[in-house]
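There are 2 protein chains.
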Amino acid sequence: MESEQLFSRSYYRNSYNSITSASSDEELLDGAGVIMDFHTTEDDNLLDGDASPGSNYAMSNGGGVVSSSTHLLDLLEEPIPGVGTYDDFHTIDWVREKCKDRERHRKINSKKKESAWEFTKSLYDAWSGWLVVTLTGLASGALAGVIDIAADWMNDLKEGVCLSAMWFNHEQCCWGSNETTFAERDKCPQWNSWAELILGQAEGPGSYIMNYFMYTFWALSFAFLAVCLVKVFAPYACGSGIPEIKTILSGFIIRGYLGKWTLMIKTITLVLAVASGLSLGKEGPLVHVACCCGNIFSYLFPKYSKNEAKKREVLSAASAAGVSVAFGAPIGGVLFSLEEVSYYFPLKTLWRSFFAALVAAFVLRSINPFGNSRLVLFYVEYHTPWYLFELVPFILLGVFGGLWGAFFIRANIAWCRRRKSTRFGKYPVLEVITVAAITAIVAFPNPYTRQNTSELIKELFTDCGPLESSQLCQYRSQMNGTRAYSDVSSQPSTPGVYSAMWQLCLALIFKIVMTIFTFGLKVPSGLFIPSMLAYYHHDWFLFKEWCEVGADCITPGLYAMVGAAACLGGVTRMTVSLVVIVFELTGGLEYIVPLMAAVMTSKWVGDAFGREGIYEAHIRLNGYPFLDAKEEFTHTTLAREVMRPRRSDPPLAVLTQDDLTVEELQTIISETSYNGFPVIVSKESQRLVGFALRRDITIAIENARRKQEGIMLNSRVYFTQHAPTLPADSPRPLKLRSILDMSPFTVTDHTPMEIVVDIFRKLGLRQCLVTHNGRLLGIITKKDILRHMAQMANQDPESIMFN
Amino acid sequence: MESEQLFSRSYYRNSYNSITSASSDEELLDGAGVIMDFHTTEDDNLLDGDASPGSNYAMSNGGGVVSSSTHLLDLLEEPIPGVGTYDDFHTIDWVREKCKDRERHRKINSKKKESAWEFTKSLYDAWSGWLVVTLTGLASGALAGVIDIAADWMNDLKEGVCLSAMWFNHEQCCWGSNETTFAERDKCPQWNSWAELILGQAEGPGSYIMNYFMYTFWALSFAFLAVCLVKVFAPYACGSGIPEIKTILSGFIIRGYLGKWTLMIKTITLVLAVASGLSLGKEGPLVHVACCCGNIFSYLFPKYSKNEAKKREVLSAASAAGVSVAFGAPIGGVLFSLEEVSYYFPLKTLWRSFFAALVAAFVLRSINPFGNSRLVLFYVEYHTPWYLFELVPFILLGVFGGLWGAFFIRANIAWCRRRKSTRFGKYPVLEVITVAAITAIVAFPNPYTRQNTSELIKELFTDCGPLESSQLCQYRSQMNGTRAYSDVSSQPSTPGVYSAMWQLCLALIFKIVMTIFTFGLKVPSGLFIPSMLAYYHHDWFLFKEWCEVGADCITPGLYAMVGAAACLGGVTRMTVSLVVIVFELTGGLEYIVPLMAAVMTSKWVGDAFGREGIYEAHIRLNGYPFLDAKEEFTHTTLAREVMRPRRSDPPLAVLTQDDLTVEELQTIISETSYNGFPVIVSKESQRLVGFALRRDITIAIENARRKQEGIMLNSRVYFTQHAPTLPADSPRPLKLRSILDMSPFTVTDHTPMEIVVDIFRKLGLRQCLVTHNGRLLGIITKKDILRHMAQMANQDPESIMFN
């Protein structure tokens, strides 16, 4: 009795389904109660159906192939391997990834109490997030330390070598020597310049030329080695890496970009590139290196290796760790990750980034690469207050920084575009060597460009004290008895200062020009803008005259710092994170206000000339599919104007839920190149059921062919819960419900595009279906949106495509 | 010829519409081309229709009332006043607000070139965002300065009065005196304690009792005045305000919560409450005050006053300014706003918050309320490094902080619940006076509790130096010749230190107990937890023994700082922002690592006992509709299980697009209490057209009745672009398309609730419609979600309602 009732209910359900599919006249129920009734019926259907799918299915299938179809169903309920993964250069579906992760989490949680082993596994899973960021932090800190030490040593190798211990750099070499006096701590017998070694003489024009030659020779060798390594082993290791990491974090797949080869080659070539004296820095590359570490460690944990969204959380934390070690600024690193790099940044990631940055900074501090217990060479502290009238020059520095940023971005992008479009770009090795040669030849004569950029920044940032031996400090040299030209305090500037300022101005111009050509070369390179305008401040020495002579009323280092921040702000358009980085870099808590003023001004001025920062500009140059969260969409277009198919296009390729055969399905897939297909109730009603991905369909058909008997070309494919009623002699149908996304995102055709863009950004969608009064009209993908935005901005819509 | 063609096209359109409404058999076109054709038809229909709605309408209307119906349409195209505003205690629709703002922006931009006046207006509009945050920052800074000075003066009033200048506080009074020696700078003839004034004697038990009495008297008076002011003038001015501000920022409307009365009363009573010596701080209230300023200034700018979403951007910036002045930490304020308070935080708001915080800090610095050129009284700088082994006590401090936080939250919530549910809560004035009396009576004998909390923190944080007169520093008093018991450095602790430690422990216990009862009182009160555990550190004096005697190996102030951070972390569960605040507060750049370690530990330990911070706990206690972005939704329910109507409910109240009369519409509205109604094509097809809000419908009907002739109870209401064909004698129909939201958010019934919750959080929705295969099934509102989450957590679902 009960079984018969069950049968009739199942039968009803099945016939209900077949009626639904056969025609659109399925309104069996009418009047006010329709929603209620419909709801109840459907509810029964699904809840019962889910409880015992096999038996229901068998009963309603007309009694034909009961046992095997049960078996078939069981087979299909298992996840098909490969479903839910992504191809290279495709966009991930954040929502689906997050659902997958929650599902996995629930599975582990429900098993937890079964055995001690499962409990251990659940603990491991719960802690794996912290473990992976800890490992990433440790590795980033260690690598940063190694890079710092190696680059320092190789940089000094250009000038000479320590005979007593080859592995010592200049400073370490002389530090151990007891013949060194403090005043001339750079000179000691153990350290031999190349001229001394080869010609046997330390002075005279011959030795100068010898040193000059060896300097250039080493610089060229390093640059050549770097570019060859990159070209042969890991083409992804070139450049700053930040534009690509931004794109990857926004949900794009670039396989191998964060792999072990990239990591190895990037680490080695970064050392070479920095040592070669090219006008570049290690900040961007260190972020890339940290992200590689994060990616590699995430493979140890299935929670992260199998989920693209979760992996990106690790990468966000890794980029915070990268900035943390690059600038010695853990909090700034977290803010950088939040403001500049990350796309999806939940609060949990904030804490983990914080932790990763902390661990990395801690490791670097333990390695102590600079021997000053600080994370960076150019850590400084000021203690003099600043005065209100100084805000004027600070704001002027901001204006200058903004102008410089806008100019730099334009010039650099123009150069990179030229490189891409002309024959010139075909010879990257030659280009690198040319730039390295010019850099080395021009840099050597000027002491400010000859030294390492970090050392230069240190010298500029540091206040002049009695122990300072820099030429810039000679105007205060009356306190320093060892100076040649010592003068009285009423004459604040000496010829030494003037020549230093001249050299600095030349160095500034040189650095500006070279950086434009260097950023974008096929070697690891970061923006080392901080160095740039650092110099600018020296004109403000003039202010000195306003104060009482000899009093410490203006801190030149502060102007250097503010100038550096303004320039970096103009180039990258960062605000809060930049202020925090500079402020952590220099310990100048007092100076937040001037920093803020300069950085804000520089951003405003820069934005007036073009809203993109250098990273966004490079993303657009390379055509990555990146939907910027900062840019506002201000047009009035509606979803119907952006969706495909357009007026002149062929109709939208759709699948019907239960009347296609395998052959028809394969034809649709092979004739189109879309990544996914909406599934509808029937061609007549156009009512949307779900969305199926091309990759998943292909995998599922392959899999069914291999594993299930009786699946033929004329097998019926169905996406419904229950198989459609088929003639007795038809082959076994193929159920594809498991690959059907039954909760596709839909918007109506009247939805303004601004809302659609918002949804895409905030939820991280790949595609969205467009309906009108409940019927399917079309589809909008992320690329449609990017193309539409390019069109609206009067750019070539095809430039959006990744190339 | 052309006109006839137009007519026939219009006719086709109109008949198309009527077919759509009459039955669901509208599938006139079939086969593969259906989408394409449908799309084209609709497109024509709409684009032409929009271009000349009047004439099309007239022609298709059967030639009846051509001129008046054109007039009618014109009237309706104007925005109806009041549509798009919100009732009190309702949730805003972020998406709609943002669309409104973009629309306004476009209108201004398109007019810009018309005249110089319009151009000025557009400039004003573009800068109004910066203007309003500047004004907010200025006002917050100024108010914070006034509050600081006033509270300081009134606090000293409890102990005595400056006879030479009544308006001087104790320190200022003696500062000007030339009879003050540095060692006894607290004592000067100008400053008279109450005993001196009244009894004429400064020493002896009588004067002690007199001072005790006056202290208690003033404390009680201040508390009484504060509670009365709050009760009579601005009931919203009580409490910390942060839970409510979080709720408001998440999109809830509480009228008057940020109004001018609240601002005035909160400012006055905050001074009174702090001066009364209650165990509370001014941080939360300062955030509330700053938000009031932001809200009031936003009324000057139509861009912000007329848009609830934009107004919330100002409030986010204002809360950053509030924290900035409360702790003297501009960056920390921005992070606090980001991490703890804000809901929707675009990068633009980040910059503006940054700016507001900067301006506020700047103003406060200019006012210089503490005479130390710092933003807070307890600004300190340490310069001694810390050692790796010290991480152990720091982590222990974190554990302690977490435990304390969990305990505090439970105890405070239990007490507040008791207050709400029992008769006791009926007498707030009595309660405040009782607490104030107990506080004052217990506090006076102990010097650490007698003084202002900020002063106490300053004393605890500060390193002992030769100039320090605190009892705690007596063990180093050999450098300070004026001490009574001076001892040698080999004996690090003196009786003075021991008694100080005893007093501190008592003060700690006392503060712990009192804060539990104080937080939640009906006076302005903030959490002043930093003060709390600050004391704890003194047990770590024991560590001193490990180091060489006399060496400066452990900084007690550092322990105080870390302990304070850990406790505040345990109570509020903030991480990054808290570290940044403490670090800005104290200038201890070196100490980020210990701070991070302690704060992370305290958060973990606290979370083990309950995931909510104190603010979330209070939000839940008060039943505000707040959808927390931090809490993860981990259940497997589907949208169909959460949506209404449930199985046992009456069917969903829906409107059909063109066959209701005004009377029927009014009946539906009056019989239900829903805030909005889905509009469908027809009862039979259940295909969704849009969503109309109750408030908008009511306003539109009222408006039509008043302004349009011929609208009667049996007038047909239609939401379509064109009026339905009606019998010749029927009254004029009422078009409500302008109030119809044609892009309602929909999800399918199979959508997992975790995705739905995500959509609600990220897009800030009010409601979402649920469909199945293109038909409307039900609706999910924010309250449904909150109710469902409460149910899942085994809480009473009805506690979610605002009360």
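From first to last, the protein sequence lines stand for chains A and B.
1 is the number of the first residue of the first sequence in the working numbering; add one for each residue after it.
1001 is the number of the first residue of the second sequence in the working numbering; add one for each residue after it.
For glycine and all other residues, C-beta sits at the position ideal for the given N, C-alpha and C.
This structure is a prediction, so every number in the text was calculated from the model and none was measured.
Partner residues in the beta bridge of Y718(A), as assigned by DSSP, are K735(A).
Close CB contacts of G1774(B) within its chain, under the 7 Å cut and outside five residues either way in sequence, are with R1687 (chain order). Given a length threshold of 4 residues, each whole run of the alpha helix (DSSP H) inside the stretch 1639-1671 of chain B is given here in chain order: 1639-1642, 1662-1671. Residues of chain B with a Cβ closer than 8 Å to the Cβ of K762(A) are, in chain order, K1762, L1763. Rounded to the nearest whole angstrom, the C-alpha separation of L403(A) and K348(A) is 38 Å.
In its chain, beyond the 5 residues on either side, A1195, L1199, Q1201 have a beta carbon closer than 6 Å to the beta carbon of S1207(B). Against M742(A), the close residues of chain B are T1748, D1749, H1750, T1751, in the order they occur along the chain (beta-carbon pairs closer than 9 Å). By the 16-neighbour rule on beta-carbons within 10 angstroms, L430(A) is exposed.
In this chain, the beta strand (DSSP E) harbouring H772(A) covers 767-772. Between G1690(B) and S602(A), the alpha-carbon positions lie close to 46 Å from each other. According to the DSSP assignment, T85(A) belongs to no alpha helix (DSSP H), since it is labelled neither H nor E.
Within the stretch 1325-1344 of chain B, the residues whose Cβ lies closer than 9 Å to some Cβ of chain A are P1330, I1331, V1334, L1335, L1338, E1339, listed in chain order. At a cut-off of 8 Å between C-beta atoms, M1596(B) counts as an interface residue with respect to chain A. Within its own chain, the residues whose Cβ lies closer than 7 Å to the Cβ of I780(A), once the five positions on either side in sequence are excluded, are A639, V642, M643, V756, Q767, C768, V770, listed in chain order. DSSP, reduced to helix, strand and coil, places V1232(B) within a helical segment of the structure shown. Looking only at A728(A), Q721(A), R732(A), R706(A), the smallest Cα-Cα distance to N714(A) is reached by R732(A).
At the C-beta level, K311(A) and N295(A) come within 8 Å of one another. Taken in chain order, the unbroken stretches of beta strand (DSSP E) that lie wholly in the stretch 191-269 of chain A and span 3 residues or more are 191-193. The Cβ-Cβ distance between A411(A) and A360(A) does not fall below 8 Å.
In summary, Q795(A) is exposed, with fewer than 16 beta-carbon neighbours lying within 10 Å of its beta-carbon over all protein chains present. Contact check for I1395(B) against A1598(B) passes: the beta carbons are separated by less than 8 Å.
Closer than 7 Å at the C-beta level to chain B, one finds these residues of the stretch 650-678 of chain A: P651, L652. For the stretch 1080-1099 of chain B, the set of residues with a beta-carbon nearer than 8 Å to any beta-carbon of chain A comprises V1095, K1098, C1099, in chain order. With its beta carbon less than 8 Å from one in chain A, T1575(B) belongs to the interface. Flagged as an interface residue toward chain A: M1600(B), by a C-beta distance shorter than 8 Å. 8 Å or more divides the Cβ of L249(A) from the Cβ of V576(A). Contact annotation for H1105(B) against chain A: T634 [CB-CB distance below 8 Å, chain order].
Between T661(A) and R716(A), the C-beta spacing is below 8 Å.
Considering only L1777(B), V1747(B), P1752(B), A1142(B), the residue with the shortest C-alpha distance to L1765(B) is V1747(B). Residues of the stretch 686-700 of chain A that bring their beta carbon within less than 9 Å of a beta carbon in chain B comprise Q686, R687, L688, V689, G690, in sequence order.
Burial state of T1672(B) is exposed, judged by a 10 Å Cβ sphere holding fewer than 16 other Cβ atoms. When Cβ pairs closer than 8 Å are counted between the two stretches, the stretch 126-145 of chain A is seen to touch the stretch 272-290 of chain A, the count reaching three or more.
For A692(A), the enclosing beta strand (DSSP E) starts and ends at 688-693.
With respect to the 8 Å criterion, T1085(B) and F1252(B) are not classified as neighbours on the basis of their beta carbons. Residues of the stretch 755-788 of chain A that bring their beta carbon within less than 8 Å of a beta carbon in chain B comprise I755, D758, I759, K762, L763, T771, H772, N773, G774, R775, L776, L777, G778, in sequence order.
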